[in-house]
Amino acid sequence: MPDYWEELHGLDPDSQDHNGGQLSLSVTGVAGYTNLECYLNCLSDMLVGGQSSSACGISLAEHSLPKKTQLMIYPNPAKGRFTVHYGNVTNLEVEIVDFMGRKVYSGKCQGNACVIDAALPAGHYSVIARSEGKLVGLQKVSIMH
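The sequence shown begins at 1 in my numbering and counts up one residue at a time.
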């Protein structure tokens, strides 16, 4: 379990023994769970159910991506060369990552559109667009040769 969670609940993060049961009642309301089980229950409640008790101290971070993105990629699928266009934003920063999360392209667009010809191998990629350092769009592009 992560150190921040152990510290939040008064446990020693340097101890490797997570079998103590001192958190069972305060976190789950039921006696008999180990501290590790308490953490896993809190985590699964948040990930599966979308909420967890306040005693758990676990929350999901929200990204500030606009509800409706203006980012357009065409043609998609592409044969290697494609255009990235974003509404009325100028000086767009574009990053392309592969399915393993590796950055395979990074560049700046003058104006609100640019042609990307990065000689990418066939596959699926994520195009991440930023303006003034803020995330403004995220789209997938497929490259087919």
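Quick reminder that beta carbons are idealized off the backbone N, C-alpha and C, glycines included.
For residue j and residue i, believed in contact at Cβ under 8 Å, the rounded distance
| i | j | result |
| --- | --- | --- |
| F82 | V141 | 6 Å |
| V94 | V127 | 6 Å |
| I96 | A119 | No, I96 and A119 are not in contact; Cβ-Cβ is about 12 Å, not under 8 Å. |
| Q110 | G87 | The pair is not a contact, with the Cβ atoms about 15 Å apart (cut-off 8 Å). |
| L25 | G57 | 16 Å between Cβ atoms; not a contact. |
Contact check, residue i vs residue j, beta carbons under 8 Å
| i | j | result |
| --- | --- | --- |
| L92 | N112 | yes |
| N35 | H18 | yes |
| A129 | V84 | yes |
| I143 | G101 | no |
| Y33 | G49 | no |
| S104 | S131 | The sequence given here has Val at residue 104, not Ser. The answer is no: Cβ separation not under 8 Å. |
Helix, strand or coil at residue i [DSSP, three-state]
| i | result |
| --- | --- |
| D12 | coil |
| S52 | coil |
| Y125 | strand |
| L135 | strand |
| L23 | coil |
| L47 | helix |
| Y74 | strand |
| L36 | helix |
| T90 | coil |
| D3 | helix |
Exposed unless 16 or more other CB atoms sit within 10 angstroms - verdict on residue i
| i | result |
| --- | --- |
| G137 | buried |
| L11 | buried |
| A122 | exposed |
| H124 | exposed |
| L47 | exposed |
| S15 | exposed |
| L23 | buried |
| H145 | exposed |
| V27 | buried |
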